[in-house]
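Enquirer: Input: one structure, supplied below.
Residue numbers (the numbering used here): 1 to 140.
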């Protein structure tokens with residue numbers, strides 16, 4: 001193995017613990033070897049940790065499913081739905097058109113937010129000009 005890959009990292013840390021209602025300063029040192037691209041290895045979870053993972057998995061899956069699912073009109077508050085219908089371009093807009101409009105607005109917001117965070121105004125400007133013309137499959 002390459003000697004540069006054999007380096008170790010030594011970390012000394014201190015933490016403040018409470019023991020018998022009195023603060024106790026604990027110091028410990030951990031040594032970790034640098035393994036390069038050798039992978040993550042196997043997890044060594046205790047039985048209690050595995051039980052927590054099993055218990056939390058359904059909640060995690062539900063949150064992730066909700067996060068990636070497109071917005072539906074039935075999830076909007078009555079006020080937001082009324083505002084969306086009032087601002088919709090064209091008369092007699094369908095549910096599908098209104099849901100696409102929500103997705104467009106959210107994509108523009110996310111693009112502008114990313115532009116602001118990265119000091120990249122062009123991304124937000126491009127999104128404002130071009131996203132309204134995108135179709136449903138192009139928004140994914």
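Glycine is no exception: its CB is placed at the ideal position from the N, C-alpha and C atoms.
Please read these numbers as outputs of a predicted model, since none were measured by experiment.
Excluding sequence positions up to five away, which residues of its chain have a Cβ less than 7 Å from the Cβ of residue 99?
Expert: Here the set comprises 70, 71, 72, 73.
Enquirer: Apart from the five residues on each side of it in sequence, which residues of its chain come closer than 8 Å, Cβ to Cβ, to residue 104?
Expert: Excluding positions up to five away in sequence, the list reads 131, 132, 134, 139.
Enquirer: Compare the Cα-Cα distances from residue 129 to each of 111, 44, 79, 93 and report the closest residue.
Expert: Of the listed residues, the one whose Cα sits closest to residue 129 is 111.
Enquirer: In the DSSP assignment, find the alpha helix (DSSP H) that holds residue 57 and state where it starts and stops.
Expert: Run containing residue 57: 47-68, per the alpha helix (DSSP H) assignment.
Enquirer: What residue does the alpha helix (DSSP H) around residue 137 start on, and which one ends it?
Expert: Residue 137 -> alpha helix (DSSP H) spans 136-139.
Enquirer: Tell me whether the beta-carbon of residue 102 lies closer than 8 Å to the beta-carbon of residue 123.
Expert: No, Cβ-Cβ distance for residue 102 and residue 123 is not below 8 Å.
Enquirer: Taking all protein chains shown into account, decide if residue 86 is buried (16 or more other Cβ within 10 angstroms of its Cβ) or exposed.
Expert: With fewer than 16 other Cβ atoms within 10 Å, it is exposed.
Enquirer: Write down the C-beta distance between residue 108 and residue 127 rounded to the nearest angstrom, noting that I regard them as a contact closer than 8 Å.
Expert: Residue 108 to residue 127, Cβ: 5 Å. Contact.
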